[in-house]
Every structure is written in C-alpha cells, then in structure tokens.
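Student:
Residue numbers (the working numbering): 223 to 327.
#1: What is the residue span of the beta strand (DSSP E) that residue 255 lies within?
#2: When we look at the beta-carbon of residue 282 and count the other beta-carbons within 10 Å, is it buried (16 or more) or exposed?
#3: Under the rule that 16 or more other beta-carbon atoms within 10 Å means buried, what is residue 261, buried or exposed?
#4: In angstroms with no decimal places, state the Cα-to-Cα distance between residue 301 and residue 268.
#5: Could you pull out every residue in the same chain whose Cβ sits closer than 6 Å to the Cβ of residue 254, ignoring the five residues on either side in sequence?
#6: Measure the alpha-carbon distance for residue 308 versus residue 325 and round it to whole angstroms.
#7: Below 8 Å between beta carbons: does that hold for residue 305 and residue 296?
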C-alpha cells in the first residue's frame, strides 16, 4: 500500500481513504479500503539505543468496512527530516511492525 506524505511534514499527509492489498492464504489478493484520520498527539521524547530524541507523535486511526480499527503511529523530527520510529500495521498475518531509525546518516 502507499501512504501519501505531506511536503512540509514527515509521516502521512493527513486523513482520508487508504487502500491496502492483502495476500490471502491461497496467494490471492484482497482489496481493503480504509477510512483514516490523522491526529497530532504533540511532542514526545523517545529513547533509541540510550539516546533521547525529541519528536512529534502523529497517530493515524483507520476504520475497516466491517468496523475494525488499525492504528499507525509515527514519531517524527521535522528539524532533522527524520521519522525516528513508527508502528505500522503490516496485514492480518504479520500484525504490527515497529521500525526504529538507529542513526541520522
């Protein structure tokens, strides 16, 4: 799936419709439409490899057609142009992935 990004901010551009394509057990692809809203949860300090990073916490909440909910989180630093950490849904078979950036280079 693709998530649009904003030119003036890191992370998803905003709310709206998202489309994911999920592989089923028989190697078929199933389309999953999501209705998403983005919320800025404000400043947050996170620690990665014993280093504190000042970030802004963005949270994207998406609703599935059957009423389920997916929540993706992004910890961004616009000054350095980085997403330090994210927690993103990777599908029903994998669940959530946490991705952390360990360096600035």
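In this text, a Cβ means the ideal position worked out from N, Cα and C, and glycines have one as well.
Tutor: Once the coordinates are examined:
#1: 251–270
#2: buried
#3: exposed
#4: 16 Å
#5: 242, 244
#6: 15 Å
#7: yes
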